[in-house]
Amino acid sequence: MSDNASIAELIASQKVGWALDQRFYTDPEIYQLELDRIVTRNWILAGHASQIPDAGDYFVFYLVNESAIIVRGKDERIRALANICRHRGSLVCLENRGNTRKFECPYHGWMYDLDGKLIAARSMQEHFNTEEYGLHPVSLELLGGLIFVCFCDDPPSLEGAQRDLAEPMAMFDFENLKVAASKTYPIAANWKLAIENYQECYHCATAHPEYAKIHSLMLDPQKRDRIQGPMRRRMAACGLKEIEHDLIDTYAKPDEQGYGYSRTALFEGYKTGSRDGEPVAPLLGELKDYDGGASDFTLGPFTFFLAYSDHVVGYVFSPVDHKNCQCKIHWFVRKDAVEGKDYDRDELMWLWDVTTCADEKIIVNNWKGVNSQYYRPGPFSGMERMERRYIEWILQELSN
Ligand code: FES
Ligand SMILES: [Fe+2]
43 MSDNASIAEL IASQKVGWAL DQRFYTDPEI YQLELDRIVT RNWILAGHAS QIPDAGDYFV
103 FYLVNESAII VRGKDERIRA LANICRHRGS LVCLENRGNT RKFECPYHGW MYDLDGKLIA
163 ARSMQEHFNT EEYGLHPVSL ELLGGLIFVC FCDDPPSLEG AQRDLAEPMA MFDFENLKVA
223 ASKTYPIAAN WKLAIENYQE CYHCATAHPE YAKIHSLMLD PQKRDRIQGP MRRRMAACGL
283 KEIEHDLIDT YAKPDEQGYG YSRTALFEGY KTGSRDGEPV APLLGELKDY DGGASDFTLG
343 PFTFFLAYSD HVVGYVFSPV DHKNCQCKIH WFVRKDAVEG KDYDRDELMW LWDVTTCADE
403 KIIVNNWKGV NSQYYRPGPF SGMERMERRY IEWILQELSN
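Numbered by my numbering, the letters in the sequence shown go through residues 43 to 442 in order.
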């Protein structure tokens, strides 16, 4: 495709089942369109309610040009407020987290209460009405204690996800998790390459020796069935129901946020995703034993979870600019688990820290190659079905 083709022409000429044309990764104009149509129009995980247990507790969530204060009000309700002063637009809250009774803009001192109302503005005209200058609300939804935000006023519906993920989330008691560790991995690559990589396990056998010893996801379906069967037979006794929601089906529904859920067996001898297969934290919720499985949750285009029987790993991908993105990982354990006694942070983080460091390298190599004059999109394998569907969805959102 020539450099001068319009974005619409480029989308129309994209071959189904093939990697994206170079310009989808490198063109700043396409990136801007992605920010307008995808990044600010879909739900993304900001954190967990347990991070702000008391009235006045807050943290700030950043997403490219957007910033939201996630705060628990005096009424105990969690709200998201645009962190943008209604006077002349300064960021209001510069601390990443804390507890406060009000937010004071550092520029000229306008003051806002915990639900965003403007409560003081010095030396303004007599008729100035503070009620008209509250911080803008940002869309927020709670799902099993998880805080999702969306930086638009008419976000896609979460109805399907709320209905179908409620039971799987309850099995692992998402509501009563706490964040035991978080780490941000900067990745010098276009954001789509990072999420595409997360969505396929074609690379797992070559790039992730640690993961490949534990997880069976990269096996072909017949081989996987041989270990999937025994796990399924163990599940009920451990307190787990067999539930499956195919992400690919939910992408098809317009105006609804895509979601998915499935459980896959770990190799024999592995109770959880740990160095030696032994537990790294106490069992979650009401689980009675280890079934030797791990559940994949997808909620929206940026947020993924992997629920083992004793911990949950949450992955949040977001762009930084068109050449840089990040993956933020949260490791969750049950909220009454005590660090040093019930879990060791390093052991808890081990698998997904080594795996994500390896991913960062392969994604950056991919980005370097994609920028070359010799780059031509190649065909996907059967193991890249999710990635393929993801790309189709991106193209559909860009052409809307
Ligand atoms: S920009 Fe916030 S008080 Fe002026
Ligand atoms: Fe990977």
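We put the CB at the ideal spot given by N, CA and C, even for glycine. None of these values were measured; they are calculated from a predicted model.
Whole-Å CB distance - residue i paired with residue j, under 8 Å assumed
i	j	result
L219	V375	7 Å
E389	S316	6 Å
R121	L182	6 Å
D352	L326	6 Å
L207	Y303	6 Å
Q299	W85	5 Å
A254	A247	5 Å
D333	M277	5 Å
V102	N141	V102 to N141, Cβ: 13 Å. No contact.
W152	H169	With a Cβ gap of about 17 Å, W152 and H169 do not count as contacting.
For residue i, three-class secondary structure by DSSP
i	result
A124	strand
S2	In this structure the chain extends from 43 to 442, so residue 2 is not present and cannot be described.
S258	coil
R376	strand
N366	strand
S132	coil
D338	strand
N141	strand
L325	coil
E320	coil
S360	strand
L160	strand
Y385	strand
E242	coil
P251	helix
Y416	coil
Y332	coil
Y154	strand
Option in the options with minimal Cα separation from residue i
i	options	result
G356	T340, L289, Q299, H364	T340
Y104	R268, R430, D206, C369	C369
K410	S199, Q56, T68, W60	T68
F193	I126, M273, M391	I126
Y100	D78, V134, Q415	V134
D157	D117, R266, H287	D117
Y175	A124, P296, G140	A124
L259	R268, C243, M273, R274	C243
E76	L160, V58, D155, W233	W233
P228	D395, C280, N107	D395
Buried or exposed by the 16-neighbour rule on C-beta atoms within 10 Å, applied to residue i
i	result
V380	exposed
Q264	exposed
Y149	exposed
E201	exposed
N46	exposed
D262	exposed
For this session: Can you check the stretch 162-226 for any alpha helix (DSSP H) of at least 4 residues that lies completely inside it and give the ranges in chain order?
Result: 201-213
Problem set entry | Contained beta strand (DSSP E) runs [length at least 3] in the stretch 47-128, N- to C-terminal order | Every beta strand (DSSP E) of 3 residues or more that sits fully in the stretch 47-128 is shown, in chain order, as 86-90, 99-105, 108-114, 120-124.
For this session: Note down, one range per segment and in chain order, each alpha helix (DSSP H) of at least 4 residues found wholly within the stretch 267-317.
Result: 289-293
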